[in-house]
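Chains as they are written, first to last, in the working numbering: chain A, 1 to 374; chain B, 1001 to 1374.
Here it is in structure tokens:
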């Protein structure tokens, strides 16, 4: 089945929009949040819990899975979906970001990137074509090409060089993908924090042509305003009829701002990472479960939430689980947080469809930022 | 509702039997395995998973919960059942064993036991009456009295003194329980590895009168044969019409032997502790998930098992989860193991009812010990 993206509703007061993204394993309703399952598991959660939470798609990471367990094992299992028992779409990140942040002794050449595994020190050399091949073996529904991700801040000169290489690799990835013809392939806009470089990157990727366009190299430490400005200056240069994916973002407020600027897809480790640390996202703001104030609190994390955690457990009990080092605590708060993010995006979609996104966002933020929960 | 225990079936070839134990929150079918939730959670598992696994009752520990989160918090929650969201019966261990194994600088007097918390070093003095009161606050369906548990091996003299104190405390516990009148109270037979002391302990407890009788101080490092001998010599001295509980046991083979000797109740941390370490119990024996042999094994832990783990995940994937340090691995193997133990006891009950317990046990052991899985 061919990839298809249809914008179904446009917000009148902002660039926010709803869409339907048809993939082989299901049609995504956008804007969509994608829980992150880097190593083939969304941390602490079982696939049936992701279904229950309403996850339409999850993310996995080609670099991590290539190194461990290795492609032969996933191929024997019949692909990543069967390996991890997830029957809905999977987007795989290329791992470019991980190669640049985790791997050791990397050497970047136009041909590809040489690095040592962060797990065992073994040397690998991967070309952009290899990264497409890896994702083909995984059976990704949406693939990301190898890109060169620069840190923040980066000089204009370095950002320009990384951009040029990213475009070069994007073209070669596109060619390889064209031969294999499975799933969808997105382009990744780079250019650090330079408006004109972002614009150039977008133009070059458009010229190559992808099913969707991702904004990479953001949420890497730059001030929030700067990220928002990059979205404002970049999104208008992306095709209106293609999905736009803001990689690695983010907090609820960042997501709503980005939705209003026309972003369709998000992924972030925040719900599960914060969950494992005992920080819960609620309609009344973030809440630190270990906080002594909750020792006697016999109410749920979020009385407005219908998830299994909030329907069955109190803050007092969750605090006890964290204090006692019990894994059920990590599980329940992670689950609640994933539900919260998915519910936030479901609410945003509904509001956009009904022409009341601005009010939805205002109400959410009023409650989220003004209420004091911890 | 008054406690009631009815033996419904007696095996013709052994002392094995089936019974029904009526408690306020449900009737237990015995022989029964009780998953251990020391700190108010069966490690890694949610209550709904325990329901799914078929758990009739879980264990919790009065000593641990008294120290953390503390009784005030559990009282505010409306008792332990509501605190941990478990609506079926709970048996609480007194924590005698933990005071003697975990706590620091303990002083044992006839009046009670003084100790320092293993968590914060705070001093506590608890009398047997306090232990009953604590379990009343928890809302235990079955309470255990404070006992003096000796290590293995122990001299006859020390074992005799501990026995005398255990009887003294049992009587005072019974009096306190009589006043408060909730749930059931069991007596704990001590006497180390001395037949005649075990017999004396059983006689003294019978004279006091309890709803059920537990065998304590076993599975503390003594050889397996010695434990079996203690069961053979002690069980005949316990009332046939009362439930018999072998504390802290054990491995599948120990449980089946003990069932054949007339034991009705078991608890053990083995399914979850082994599960967290990546050891699975299967119909074909124990299996170490991390074993390299399973890297490419695309079959479930136990093809004979119908649990969520075995129906949806392969050994290859579970091995990956353990290698990658992913919590889902601990969860899935713990869940499978709890299912395995509960299924083993369900099978034993069915076999006893149908008069084929010896064959059931022989078939189980043949498969369990002769098949090589890892």
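No residue lacks a Cβ here, since even glycine has one placed at the ideal position from N, Cα and C.
Small disclaimer: the values here were computed from a predicted structure and weren't measured.
Notebook entry, point to check: Enumerated in chain order, which unbroken segments of the beta strand (DSSP E) with a length of 3 residues or greater are wholly contained in the region 1029-1086 of chain B?
Noted result: 1032-1035 and 1058-1061, all fully within the region 1029-1086 of chain B.
Notebook entry, point to check: Between residue 273 (chain A) and residue 334 (chain A), what straight-line distance do the alpha-carbon atoms span, to the nearest angstrom?
Noted result: When rounded, the distance between both Cα atoms is 8 angstroms.
Notebook entry, point to check: Which partner residues of residue 9 (chain A) appear in the DSSP bridge assignment?
Noted result: Residue 9 (chain A) is bridged to A:18.
Notebook entry, point to check: Cα-Cα, which of A:2, A:289, A:208 and A:265 is closest to residue 341 (chain A)?
Noted result: Measuring from the Cα of residue 341 (chain A), the nearest candidate turns out to be A:265.
Next item on the list: Express the C-alpha separation of residue 1213 (chain B) and residue 417 (chain A) in angstroms, rounding to a whole number.
Entry: Outside the shown range of chain A (1 to 374) lies residue 417 (chain A), about which nothing can therefore be said.
Next item on the list: Report yes or no: is there a C-beta of chain B within less than 7 angstroms of the C-beta of residue 324 (chain A)?
Entry: Yes, its Cβ sits closer than 7 angstroms to a Cβ of chain B.
Check: Mind listing which residues of the region 54-79 of chain A have their C-beta closer than 7 angstroms to chain B's C-betas, in chain order?
Finding: From the region 54-79 of chain A, only 68, 69, 73, 76 and 77 have a Cβ closer than 7 angstroms to chain B.
Next item on the list: Pick helix, strand or coil for residue 1149 (chain B), following the three-state DSSP scheme.
Entry: In the structure shown, residue 1149 (chain B) sits in coil (DSSP, three-state: anything other than H, G, I, E or B).
Next item on the list: Return the CA-CA distance between residue 152 (chain A) and residue 166 (chain A), expressed in angstroms with no decimal places.
Entry: About 17 angstroms.
Next item on the list: Take residue 1092 (chain B) as the anchor and find which of B:1201, B:1076 and B:1064 has the nearest alpha-carbon.
Entry: Nearest C-alpha to residue 1092 (chain B): B:1064.
Margin query: Does the region 1014-1022 of chain B come into contact with the region 1251-1271 of chain B, if we say contact requires no fewer than three beta-carbon pairs (one atom in each stretch) closer than 8 angstroms?
Written below: Result yes; three or more Cβ-Cβ pairs closer than 8 angstroms.
Next item on the list: Give me the Cα-Cα distance between residue 217 (chain A) and residue 192 (chain A), rounded to the nearest whole angstrom.
Entry: CA-CA distance, residue 217 (chain A) to residue 192 (chain A), rounds to 6 angstroms.
Margin query: I want to verify the contact list: residues of chain B whose CB lies under 9 angstroms from the CB of residue 288 (chain A), in sequence order.
Written below: The contact set of residue 288 (chain A) on chain B, defined by CB atoms closer than 9 angstroms, is empty, because the minimum CB distance reaches about 17 angstroms.
Item checked: Span separating the alpha-carbon of residue 1237 (chain B) from that of residue 1099 (chain B) -> If you take the alpha carbons of residue 1237 (chain B) and residue 1099 (chain B), they lie about 28 angstroms apart.
Note to self: For residue 190 (chain A) and residue 1326 (chain B), what's the separation of their Cα atoms in angstroms?
What the structure shows: So the alpha carbons of these two residues sit roughly 32 angstroms apart.
Margin query: Tell me the residue span of the beta strand (DSSP E) that contains residue 3 (chain A).
Written below: Per DSSP, residue 3 (chain A) belongs to no beta strand (DSSP E) and is neither H nor E.
Checklist line | Within-7 angstroms CB hit, residue 1039 (chain B) to chain A | finding: Closer than 7 angstroms to some Cβ of chain A, the Cβ of residue 1039 (chain B) qualifies, so yes.
Notebook entry, point to check: Where do the N-terminal and C-terminal ends of the beta strand (DSSP E) with residue 265 (chain A) fall, by residue?
Noted result: In the DSSP assignment, residue 265 (chain A) falls within the unbroken beta strand (DSSP E) covering 265-268.
Notebook entry, point to check: For residue 173 (chain A), which residues from the same chain have a beta carbon less than 6 angstroms from its beta carbon, with the 5 sequence-adjacent residues on both sides left out?
Noted result: The residues are 128, 132 and 145.
Item checked: Assumed close pair residue 299 (chain A), residue 288 (chain A) - CB separation to whole angstroms, cut-off 8 angstroms -> Their Cβ separation, rounded to whole angstroms, is 15 angstroms, which puts residue 299 (chain A) and residue 288 (chain A) out of contact at 8 angstroms.
Note to self: Classify residue 1380 (chain B): buried if its beta carbon has 16 or more other beta carbons within 10 angstroms, exposed otherwise.
What the structure shows: Residue 1380 (chain B) cannot be examined here, being either before or after the span of chain B that is shown, 1001 to 1374.
Check: With 16 other CB atoms within 10 Å as the buried threshold, where does residue 311 (chain A) fall?
Finding: Label assigned to residue 311 (chain A): exposed.
Notebook entry, point to check: Distance, Cα to Cα, residue 1047 (chain B) vs residue 1056 (chain B)?
Noted result: Using only the alpha carbons, I get a separation of about 11 angstroms.
Checklist line | Below-7 angstroms beta-carbon distance, residue 320 (chain A) vs any chain B residue | finding: Yes - at least one Cβ of chain B is within 7 angstroms of the one on residue 320 (chain A).
Item checked: CA nearest to the CA of residue 317 (chain A), picked from A:307, A:306, A:332 and A:305 -> Of the listed residues, the one whose Cα sits closest to residue 317 (chain A) is A:332.
Next item on the list: For residue 207 (chain A), return the contacting residues in chain B, with the cut-off set at a CB-CB distance below 9 angstroms.
Entry: Residues of chain B with a Cβ closer than 9 angstroms to the Cβ of residue 207 (chain A) do not exist, since the nearest Cβ in that chain sits about 39 angstroms away.
Item checked: Own chain residues within Cβ distance below 7 angstroms of residue 69 (chain A), not counting five before or after -> Cβ neighbours of residue 69 (chain A) beyond the five flanking positions: none.
Checklist line | Residue nearest to residue 1233 (chain B) in terms of C-alpha spacing, selected from B:1194, B:1346 and B:1257 | finding: Cα-wise, what sits closest to residue 1233 (chain B) is B:1194.
Check: What residues in the region 82-113 of chain A have a beta carbon less than 9 angstroms from any beta carbon of chain B?
Finding: For the region 82-113 of chain A, the beta-carbon criterion of a distance under 9 angstroms to any beta-carbon of chain B is satisfied by 82, 83, 84 and 85.
Checklist line | Chain-ordered chain A contacts of residue 1044 (chain B) [CB-CB under 7 angstroms] | finding: At a beta-carbon threshold of 7 angstroms, the residues of chain A lying near residue 1044 (chain B) are 327 and 328, ordered along the chain.
Next item on the list: Spell out a yes or no on whether the region 345-355 of chain A and the region 269-284 of chain A are touching, meaning 3 or more CB-CB pairs, one atom from each, closer than 8 angstroms.
Entry: No: fewer than three Cβ pairs fall under 8 angstroms.
Margin query: Using a Cβ-Cβ cutoff of 9 angstroms, what residues of the region 144-158 of chain A are near chain E? List them in chain order.
Written below: Although the question refers to chain E, the structure presented lacks it and instead comprises the protein chains A and B.
Notebook entry, point to check: For residue 1361 (chain B), which residues of its own chain have a beta-carbon under 6 angstroms away from its beta-carbon, when the five flanking residues on both sides are left out?
Noted result: Excluding five sequence positions before and after residue 1361 (chain B), the CB atoms of its chain that fall closer than 6 angstroms to its own CB belong to 1256, given in chain order.
Item checked: Close-in-space but distant-in-sequence residues of the same chain around residue 1035 (chain B) (CB under 6 angstroms, 5 per side omitted) -> The residues are 1042, 1055, 1058 and 1338.
Note to self: Is it buried or exposed, residue 1201 (chain B), if we count other Cβ atoms within 10 angstroms and call 16 or more buried?
What the structure shows: It counts as buried.
Item checked: residue 1311 (chain B) - containing alpha helix (DSSP H), residue span -> That run of the alpha helix (DSSP H) goes 1308-1312.
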